[in-house]
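Inspection log for the structure reproduced underneath, given as structure tokens.
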Amino acid sequence: MVRWFSELMVVRRFILLGIVLVAGLVGACSDNETSAPVVNGWQQSPETLSAYIVQPEDTLYAIAWRYGRDYRELAAANNIPPPYHIHQGQRIHTNYAQKSTAKNFQNQRTKSQFSLSKESKQEPYRAKLNWQWPAQGKVVGRYSAQGVANKGIDIANRRGTPIKASSGGEVVYSGHGIRGYGNLIIIKHSPEYLSAYAHNDQNLVKEGQRVKAGQKIASMGSTGSQTVGLHFEIRRAGKPVDPLQYLNKKAA
8 MVRWFSELMV VRRFILLGIV LVAGLVGACS DNETSAPVVN GWQQSPETLS AYIVQPEDTL
68 YAIAWRYGRD YRELAAANNI PPPYHIHQGQ RIHTNYAQKS TAKNFQNQRT KSQFSLSKES
128 KQEPYRAKLN WQWPAQGKVV GRYSAQGVAN KGIDIANRRG TPIKASSGGE VVYSGHGIRG
188 YGNLIIIKHS PEYLSAYAHN DQNLVKEGQR VKAGQKIASM GSTGSQTVGL HFEIRRAGKP
248 VDPLQYLNKK AA
């Protein structure tokens, strides 16, 4: 009888120990499911964040270019009036709904209507842009929105080959702060159209400078691989378009 009672107590202890272990495992699983992982935002690529922190070389146009946004909508979403000045450390919200910015965009358009009208008189090329080839060389990469996307065209030639403004306008960015573009120049030709010239060996124009079509703005440099060439883009309302549909058919 005593032996039977002792064995019963041993079995009971094992059962209690098992219950405690199971409860501990369940608790651990529950903690893992409910605890959110700690993510350091600075480890993420700037393109994945909904709020971008303005860096020293940034302009609103460059930030809009980085995120594939229309600079006017980006300005409206962040209540930034023309001429769109921003400062280092400023938070720019990039993940916005286009519908939510429509009203602000319209208000800004109304407020700036007079200044735009005045500016239009100073920029007769706005009515009809005459696009020229930005550099001489061989087209080795074409625009593609499918598969391996290419947002512009690539023109190969020797280092130092002159790069020219494809059309007249204002330089709204000149620097190397956008990843994947190297030394970059962005020119605003009209409220709708901007063009970009990337992987330059040397930028020869500054932000705010006005340039004419065919004016030398840079020299051709390395694309980051073993090739030397120019990456050229045209964007309409923030979206890439095929430059070959705008450039004349004459060979570069």
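Those letters in the sequence shown? Residues 8 to 259, by this note's numbering. We put the CB at the ideal spot given by N, CA and C, even for glycine. As the structure is a prediction and not an experimental result, all values here were calculated from the model.
Listed as beta-bridge partners of Gly236 by DSSP are Ala163 and Gly228. Cβ contact annotation for Glu64 (same chain, cutoff 7 Å, sequence separation greater than five): Gly182 and Gly184, in chain order. If you draw a 10 Å sphere on the C-beta of Pro88, you find fewer than 16 other C-beta atoms in it, and that means exposed. In the DSSP assignment, Ile170 falls outside any alpha helix (DSSP H) and within the unbroken beta strand (DSSP E) covering Pro169 to Lys171.
In terms of Cα proximity to Asp161, the closest of Tyr253, Glu80, Lys145 and Ala104 is Lys145. Just measuring C-alpha positions, the residue of Tyr200, Gly236, Gly245 and Gly215 sitting nearest Trp138 is Tyr200. Per DSSP, the continuous alpha helix (DSSP H) segment holding Glu80 begins and ends at Tyr78 to Ala84. Each of Asn210, Ala225, Lys246 and Arg149 was checked against the Cα of Asp77, and the nearest Cα belongs to Lys246. Contact between Ala58 and His94 is absent: CB atoms are separated by about 15 Å, not below the 8 Å threshold. Annotated as proximal: Ala71 and Leu81, with beta-carbon spacing under 7 Å. If you draw a 10 Å sphere on the C-beta of Gly236, you find 16 or more other C-beta atoms in it, and that means buried. Cβ contact annotation for Gly221 (same chain, cutoff 8 Å, sequence separation greater than five): Gln139, Lys171 and Ala172, in chain order.
Taken atom to atom, the span from the alpha-carbon of His206 to that of Ser226 is near 9 Å. Residue state for Leu211 is assigned as coil, using DSSP reduced to three classes. When rounded, the separation of the alpha-carbon atoms in Lys158 and Ala152 is 7 Å. Take Asn164, set aside five residues on each side of it, and the residues of its chain with a beta-carbon closer than 8 Å to its own are Ala142, Gln143, Gly144, Lys145, Met227, Val235, Gly236 and Leu237, in chain order. The C-beta distance from Leu251 to Tyr150 rounds to 7 Å, short enough to meet the 8 Å contact threshold. For Leu201, the enclosing beta strand (DSSP E) begins and ends at Tyr200 to Ala205.
Per DSSP, the beta-bridge partners of Arg243 are Tyr200 and Lys246. Between the C-alpha atoms of Glu177 and Gly154 there is a straight-line separation of about 33 Å.
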